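Each residue of the sequence shown is one higher than the one before, starting from 1 at the first, in full-length UniProt numbering.
For glycine and all other residues, C-beta sits at the position ideal for the given N, C-alpha and C.
Predicted model only: the values in this text are computed from it and were never measured.
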Amino acid sequence: MSSDSSDLDYDPVDDSASDEEDEFSYNSRESDVEAECVTFEGWIIVPHPEDDKRLTDVVQPTLHYDVHPAVVLEEVMSPMKCFETFVSETIVTFLCKWTNERVAKYFLENIDKNMKVHGLRWRDVTVSEMYVFIALVLMQGLIHLPHPSDYWRRDFLLAGPQVFSATIMSRDRFLSIMKFLRFSDPKATDPSRPMTRLAMFFAFIKENTMIAIDPGETFALDECLMLYKGRLHFKQYINSKRSRFGIKLFALCPSDPKFRGYTYSFALYIGRDIYNVAHIPGTDALSMSERVVVYMLSNLLDEGRELILDNWYVSVRLVEFLLTRNAYVTGTIRTNRGVPSELTQLQLKKGQSCFIRKGDVLIVGYKDKKDVYVITSKLTADFVQKDQYSVVDKRVVVLQKPSHVDHYNSNMGAVDATDQDMEPYNAARKSYAWFKKVGIQVLQRMVLNAKVLYSVTNKRKVDMKDFTLQLCDEILAKHLSDYTAMRDQHKNAKRQKLSEPSTSRLAGRELVRSEQNTRRRCWVCYNIEKKRSIFTYKCCIGCKNRIPLCSLDHFTYYHDNL
């Protein structure tokens, strides 16, 4: 297990102080350092924001950076069509092929099993059956039960939704498919090379995520941590993450608010020397964390895009290298990554800031609760005003802080947004087979991508839960001939139960016209059926607040169920 550190292989720049010492004076909290321009080791202290100038102008992009879908889409995109944009039928066909090949290999090695798994004679998985399996896995993320087999229980105390039935897919068949599920060709796997377990699946998925949208100008790169506490040589410990122990996944996400939550590219961390960027000139001297950035951005270089990074990745060396490839960086930076000691030794007061430039690279020192250092190769020195509540003054005060800090805070959360949307509905289960957990998590990440694409194309916001329900419903309706009839039968049974008269709570209550002769929204229509336009003169005379109810069915439903 390795820790979350990349400073060990970083060769820091010589930050020795200049022979000539200079004294600086400061204004109030809102001001920057007042001084004449002081130069040392190529760095220049910028006394005022208006004095800051880049060595070269920012290259105007040749591409149109409005974030939008890049593939030809239908006028109305359903959840299923959006999902198949990323997880196509071709990918599902490969999942079936790899799973069936793993089963064949298993029975060759275990002839005594007589082709039986969980008591059932094995039959090859079909494409439709794999789609149904994926739908049931996603449903398990919406409703959490202790063990997958519990979803098929019909106990009074513990039972899963009715969709988990033998008519849809039996419990033993589901567990059999899960046992042999594979995300790569079993014949090509190598225990000494973990990525062979997922490489082909990742390649198919990443190809679709990259061509589905035009990602825009600004990206955020950060790591996600999938909980895993098994024995694994590339398991990571990151104290700042909720899971703390697990498998690390690097994710590159557009920062545009419309596509917040979309994963444009991703890579699994399985060791220090896997990010091969040798084909890109000038990368030999980069550390592992710096190579990760170049690897993730390799197909977006030379296009004038901007990358938002945290201090695990950033160094002056990386920023200068990306400038040679027409790529810009804004991010926090550690003091041992090439930041001049003249800047770090300044004793800034709270609210004070200092700008220091070298060519096209600008570093900002800012004191809030602690010293913060932000590096940028695109922005110039500037301030923004922000309203902030002061605990000391007990009122809202206007603070002036560097615009680079605000720019970083506004764009860095793109990766965290994906985790926030996915975490409540995580479908991955505890497993010795780490690659299954990763594969299912990537499938769920594609559901989130589909949700974002659906919201943009249909211009309608939908949350992750509702979208997953709609998607599963469409998958089952398309790939199961009996599903639609079963669903309609269940709905009709609910309607019939709703219309059945009941006298349990109706004593002394009667549905009559309101004495005030005024119309109000029907309580059941508004709160249960989410219909906002149903108004009625009728109300229950026996209820304390004269509850408005538009029909006898809703009158009965309200008193029997609420």
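Near the ligand NAD: residue i beta-carbon under 7 angstroms from a heavy atom
| i | result |
| --- | --- |
| V294 | Only the bare structure without any ligand can be found here, which leaves the ligand NAD out of the picture. |
Residues that DSSP places opposite residue i in a beta bridge
| i | result |
| --- | --- |
| E223 | F250 |
| L268 | L249 |
| F535 | R521 |
| P69 | I213 |
| L511 | C540 |
| R121 | K116 |
Coarse secondary structure for residue i, derived from DSSP in three states
| i | result |
| --- | --- |
| N27 | At N27, the pLDDT of 40 sits below 50, so the modelled position is not reliable and the matter cannot be decided from this model. |
| C540 | strand |
| E342 | helix |
| D32 | Summary for D32: the model assigns pLDDT 42, below 50, so the residue's position carries little reliability, and this model does not support an answer. |
| Q400 | strand |
| L549 | coil |
| E41 | coil |
| S78 | coil |
| K116 | strand |
| W308 | One detail in the question is off: residue 308 reads as Ile in this sequence, not Trp. Three-state result, I308: strand. |
| Y389 | strand |
| R460 | coil |
| V292 | helix |
| Y237 | strand |
| R54 | coil |
| R317 | helix |
| L142 | helix |
| V277 | coil |
| L286 | coil |
| L480 | coil |
| R395 | strand |
| R487 | helix |
| V46 | strand |
| T556 | helix |
| T263 | coil |
| residue 574 | The first residue shown for the chain is 1 and the last is 562, placing residue 574 beyond what the model contains. |
| S455 | helix |
| R242 | coil |
| I528 | coil |
| E129 | helix |
| V87 | coil |
| Q516 | coil |
| S298 | helix |
| D14 | For D14, the predicted model reports a pLDDT of 44, less than 50, meaning its position is unreliable; a value from the coordinates is still stated below. If DSSP states are grouped into helix, strand and coil, D14 belongs with coil. |
Pair within 8 angstroms by beta-carbon distance, residue i and residue j
| i | j | result |
| --- | --- | --- |
| F83 | L471 | yes |
| R277 | L318 | According to the sequence shown, residue 277 is Val rather than Arg. Contact flag unset, no. |
| V103 | C253 | no |
| F180 | T126 | no |
| E101 | K241 | no |
| T196 | N411 | no |
| L476 | I168 | yes |
| V329 | V339 | no |
| Y483 | P79 | no |
| Y131 | H559 | no |
| K451 | F435 | no |
| L268 | L249 | yes |
| residue 586 | R429 | Summary: the structure shown does not reach residue 586, with the chain confined to residues 1 through 562, and so no result is reported for it. |
| D57 | F355 | no |
| D548 | R509 | According to the sequence displayed, residue 548 carries Pro and not Asp. No. |
| K369 | F383 | no |
| R513 | K544 | no |
| A220 | I308 | yes |
| I134 | L443 | yes |
| N311 | G331 | yes |
| L138 | A417 | no |
So does the stretch 376 to 384 actually touch the stretch 360 to 368, counting three or more Cβ pairs closer than 8 angstroms?
-> yes
Within the stretch 148 to 235, ranges of the alpha helix (DSSP H) (whole runs, at least 4 residues) | 171 to 180, 199 to 212
Unbroken stretches of the alpha helix (DSSP H), 4 residues or longer, contained in the stretch 324 to 385 | 341 to 344
With a cut-off of 8 angstroms, do at least 3 Cβ pairs link the stretch 198 to 209 to the stretch 516 to 531?
-> no
Three CB pairs or more closer than 8 angstroms across the stretch 439 to 449 and the stretch 98 to 112 = no
Between the stretch 415 to 431 and the stretch 218 to 229, do three or more beta carbon pairs fall short of 8 angstroms?
-> yes
Enumerate, from N- to C-terminal direction, the unbroken alpha helix (DSSP H) stretches of 4 or more residues contained entirely within the stretch 398 to 450.
-> 403 to 411, 414 to 422
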